[in-house]
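Each number in the numbering used here comes from the position in the sequence shown (counting from 1) with 302 added on. A virtual CB, placed ideally from N, CA and C, is assigned to each residue, including glycine. Every value quoted in this text rests on a predicted model; they were computed, and no experiment measured them. Heads up, the thing below is written out as structure tokens.
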Amino acid sequence: MNALLKRVWIGLATTLIVSLAAVALPDHIQVDDDGRVHLGAPAPSPSTAPTPESTSPPLTRDAVDETIRIAVGAAGLDPGQGRPTAAVGANSNMTGWTAVREMTAAQVEMNAICADLERQGWTPNPNGDRPEASRSYKRGGWYLLVSTRGKTLAPSTTSALSDSQTYLTLAGLRLNLSDVPLPEVTVRIG
């Protein structure tokens, strides 16, 4: 009797988990009429090609570097006063810029940079953003994070920041998540 009760509880728990997952991730979990559960993105049909992440064309690192220079300039800052966060030619999938700024001005400058990124066609990605500390954007396979961070998150323990200073940072990363397929797993319930 204990084995039967255990199987019933496991079945109920599995059904609950799959049902919640199907509601939360409808594109990645399908439940057939016969009780089969398919995990992972459905295989594209031969008649439809996979859709790209966005309609903007892929950007090069040089284009993203120029975007950063323009946005920093639009905030009234000299891009030469900061420093790049990735060496030119070192990694074509990463770039960025950082500068030490007064905390009182950093928020206004971050807002101006973000406004210019949107003017340049970057799409805000509000999931997980904290408007007073960080905002993220995406375009052409690249993600940009604009942030202010204080001494506690400084890149080095030998930081020369005063109590009234913070880092103003733009970090760019090229990601192509469509190249990472989810495995398809089929589970039969019942």
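Fill in: Residues that Gly493 bridges to, as DSSP identifies them
Residue 493 lies beyond the stretch modelled for the chain, which goes from 303 to 492, so this question has no answer here.
Exercise for the section: Could you pull out every residue in the same chain whose Cβ sits closer than 8 angstroms to the Cβ of Thr425, ignoring the five residues on either side in sequence? Expected result: Ser356, Tyr439, Lys440, Arg441
**Message:** I need the boundaries of the alpha helix (DSSP H) containing Arg421, first residue and last residue.
**Reply:** 405-421
Subject >> Endpoints, the alpha helix (DSSP H) within which Arg432 is located >> reply: No alpha helix (DSSP H) holds Arg432; DSSP gives it neither H nor E.
Mind checking which residues open and close the alpha helix (DSSP H) that includes Ala462?
Per DSSP, Ala462 is not a residue of any alpha helix (DSSP H), being assigned neither H nor E.
Contact between the segment 392-401 and the segment 359-374 (3+ Cβ pairs under 8 angstroms): yes
* Roughly how far, in whole angstroms, is the beta-carbon of Ala435 from the beta-carbon of Thr450, given that I think they are within contact range, below 8 angstroms? -> 6 angstroms
Going by the CB atoms, is the gap between Arg403 and Leu470 shorter than 7 angstroms? The answer is yes: Cβ separation under 7 angstroms.
Taking DSSP's pairing of strands, which residues face Val402 in a bridge? Tyr469
- Cβ-Cβ distance between Ala473 and Asp418 below 7 angstroms: no
Review point. If you draw a straight line from the C-alpha of Ile415 to the C-alpha of Asp465, how long is it?
Key: For Ile415 and Asp465, the distance between alpha carbons rounds to 23 angstroms.
Check the C-beta distance from Gly423 over to Leu477 and give it rounded, since I have them as a contact under 8 angstroms. Rounded, the Cβ-Cβ distance is 18 angstroms, inconsistent with contact.
Margin query: Rounded to the nearest angstrom, what separates Asn429 and Leu307 at their Cα positions?
Written below: 42 angstroms
| said: Out of Ile370, Ala407, Glu420, which one is the CA nearest neighbour of Ala388? | reply: Ile370
*Contact check, Ala408 vs Gln383, beta carbons under 7 angstroms*: Gln383 sits away from Ala408, with the two beta carbons spaced by 7 angstroms or more.
Requested in this report: Would you kindly check if the distance between the Cβ of Met412 and the Cβ of Thr468 is under 7 angstroms?
Outcome: Not a contact, by the Cβ cut-off of 7 angstroms.
Taking the straight line between their C-alpha atoms, what separation do you get for Pro381 and Asp367? 11 angstroms
* Using DSSP with H/G/I as helix, E/B as strand and the rest coil, what is Pro386? -> strand
- Pick helix, strand or coil for Thr425, following the three-state DSSP scheme. strand
Subject >> Arg437 versus Trp311: straight-line alpha-carbon distance, rounded >> reply: 44 angstroms
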